[in-house]
Structure formats: C-alpha cells, structure tokens
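When the letters of the sequence shown are read in order and numbered with numbering that gives the first Met the number 0, they come out as residues 0 to 280. Note that the Cβ used here is the ideal one computed from N, Cα and C, for glycine as well. Values in this document were obtained by computation on a predicted structure and should not be read as measured data.
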Amino acid sequence: MTMHVDSTLSSLPIAEDADRPVEIRIDGLQKTYKTERGSVEALSDINLEIRRREFVSLIGRSGCGKTTLLRIMAGLVAPTAGQVEVGGKSLWHNGTVDSSVIKRLGVVFQDANLFPWYSIEENIALPLKLRGVKKRERLERARELAGLVGLEKFLRSYPRELSGGMRQRAAIARALSDNPELLLMDEPFGALDALTREKMNLEIQRIALATEATVVFVTHDIEEAVFLGDRVVHLTPRPGRIKDIADVPLSRPRAMEVQTGQEFNTVVAELRASLNQEDDQ
0 MTMHVDSTLS SLPIAEDADR PVEIRIDGLQ KTYKTERGSV EALSDINLEI RRREFVSLIG
60 RSGCGKTTLL RIMAGLVAPT AGQVEVGGKS LWHNGTVDSS VIKRLGVVFQ DANLFPWYSI
120 EENIALPLKL RGVKKRERLE RARELAGLVG LEKFLRSYPR ELSGGMRQRA AIARALSDNP
180 ELLLMDEPFG ALDALTREKM NLEIQRIALA TEATVVFVTH DIEEAVFLGD RVVHLTPRPG
240 RIKDIADVPL SRPRAMEVQT GQEFNTVVAE LRASLNQEDD Q
C-alpha cells in the first residue's frame, strides 16, 4: 500500500496497535464528478488502513474531499474507482452498496437532523423502528444510549427544547442505536460554540472508549483533530490525496490540559506547517 507520508511526521511514535485487525481498508480510491464544465476529480489514489477501535481524524482545506471520502465510506456516494472494505467485506459492488456492510456503520453529520415531531427517545430509537425491532426492545436501547450521552432526563423532550450540543448528543446516540462497529462523523461539532464544542470533544472520546467503536472524524480544526485522534490524516485539495499521516503519541483518556503539553503542540505545529506549505505551492 502506498502512503504519502511526510518524513517529519512519520518520525513520531506509532499510535495504532498492530495487533488489532484492520476495520477499514481503502485501496486506490478515486472519485470524479461530471459537471456541465467537464470532469472534476475530487479524490485520487486514496490508500488507507484503519484498525479496529482506532480514532482517525481527517483534516484539510475546503475542497480537499474530506466529506466526499466520508460519504463514500458511509455508502452514500459511489466511488469512480477503487475499493472500500469494512471488516473484510467490500462496501461497493459496481456502484451498488452492500446493505449487509451498511449495518455495521453509524453516521453523524454537522446538522443533527432530528425529526421535530418525535421525542428524543423516539429519535434515538428510529433506526431500530425502521428495522422492525419490537417497541419495548428499541425503547430500552434508546434509554440505555440516552444514559450514555447524558440525556436520560430528556427522553420525552423534543428537539426544539434542547440546545445544539444536546441535539448532537441525541444524533450520536441514534447513530449508536444499532451497535455499529464503525462511527463516521462529518464535522459534528462545527456549528457549536467553543465551550460546548470542547465539552463534546470530551464526550465523544468517552463514548468511543465505552463502545469500542472505530471512529473516522472529519474536521477543519487542527487542535480538535489532534486531541481526538490516534492518527490525523491530512488531505490535499483538487484532487484530494493523502499528503501526511501524523501519529498522536498521547494516552487515553485525554483531558483538555494535554493541549498545553509539548507532544500535543509538536503534532499541531507540524500539521499546521504541512497545511501552510500548500499556500507556497
């Protein structure tokens, strides 16, 4: 597998546990969009392996293909070429997604996308309802997950009655309702204020550890990417390619105070320098 890894970043200690099986394997992934003005290559030659229970952050400038890559991994956008495997099974077959693989995934977007006419309990349980799970069982699962994300006192509330951070907690709980092995998150905290975002960073770290899910997390924020990630993947724009993969040598659980430490700030500085190089090219 070919990786485009900057030598300064690759000198950091490796964060992933080599004994864990590979959860996601991406091989030669490409995505080209057809437009009235011609073809636009969004992603080119993406090769990446993510191990089980690993937390991987994706960063890059606007237009680098972060969201496109995540949506391909989520089964929402078909690749033009290449393969995506989840748990050893191909996600895409000739432009058609494998529904048995999709069941292993949970997805959270920047907008919580809760149904306003459903209570928080009903929103969390909705994927199970659509799958035909009995009401008692799905509501028990909703209550369990509400406790996990700190919403046990708001099960009968409606989305309009909750803050932005609380709505995102409900969206995360909904994504976890079917016990996914892989949680895909596309800038889920991008619309939140700084203090709420900080709190949610602590919460998603705790939730990932508690559920043992593999997490892929898209963000524009370098500090957030490093704080959350075991590794940080830097994509360059037009077309999106992997430039660097930075290992984050920090143990878990992480408190916000790690952001004042030398190891944290070394990784942040090297990623920022790598991003700034794009302006000079």
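For GLN276, tell me which candidate among ARG130, GLU35, GLY59 has the shortest Cα-Cα distance.
The count along the sequence shown starts at 1 and reaches residue 276 at position 277. It is GLY59 whose Cα lies nearest to the Cα of GLN276.
If I follow the unbroken alpha helix (DSSP H) through GLU202, where does it start and stop?
Walking along the sequence shown from the start, residue 202 turns up at place 203. Per DSSP, GLU202 belongs to the alpha helix (DSSP H) from 193 to 210.
Is it right to say HIS92 is buried, meaning 16 or more other beta carbons lie within 10 angstroms of its own, or is it exposed?
For the purposes of this step, residue 92 is taken as residue 93 along the sequence shown, with counting starting at 1. With fewer than 16 Cβ atoms within 10 Å of its Cβ, HIS92 is classed as exposed.
DSSP beta-bridge partners for GLY105?
As a working note, residue 105 is residue 106 in the sequence shown. Paired residue(s): LEU182.
Put VAL21 into one of helix, strand or coil per three-state DSSP.
As a working note, residue 21 is residue 22 in the sequence shown. Strand, per DSSP.
In the region 31 to 58, which residue ranges form an unbroken beta strand (DSSP E) of at least 3 residues, counting only runs that do not cross its ends?
Counting only runs of 3 or more, we get 37 to 50, 54 to 58.
Hey, how far is the Cα of LEU42 from the Cα of LYS152?
Along the sequence shown, one-based indexing puts residue 42 at 43. Along the sequence shown, one-based indexing puts residue 152 at 153. C-alpha separation (whole angstroms): 43 Å.
Please report the Cβ distance between VAL107 and PRO187, rounded to the nearest whole angstrom; I am assuming they are in contact, meaning their Cβ atoms lie under 8 Å.
Within the sequence shown, the letter at position 108 stands for residue 107. Within the sequence shown, the letter at position 188 stands for residue 187. Rounded, the Cβ-Cβ distance is 5 Å, consistent with contact.
Spatial neighbours of SER6 within its chain, please: CB distance less than 6 Å, with the 5 preceding and 5 following residues excluded, ordered by chain position.
Mapped onto the sequence shown, residue 6 falls at position 7. Confidence in SER6 is poor, its pLDDT being 33 and thus under 50, which makes the residue's placement unreliable; the coordinate value appears in the next sentence. Closer than 6 Å at Cβ, skipping near neighbours: no residue.
ARG230 by DSSP, collapsed to three states: which one?
Start at 1 with the first residue of the sequence shown, and residue 230 comes out as number 231. In this structure, ARG230 counts as strand in the three-state DSSP scheme.
Report the three-state DSSP secondary structure of PHE263 (helix, strand or coil).
As a working mapping, residue 263 is identified with position 264 in the sequence shown. The answer is helix: DSSP assigns PHE263 an H, G or I state.
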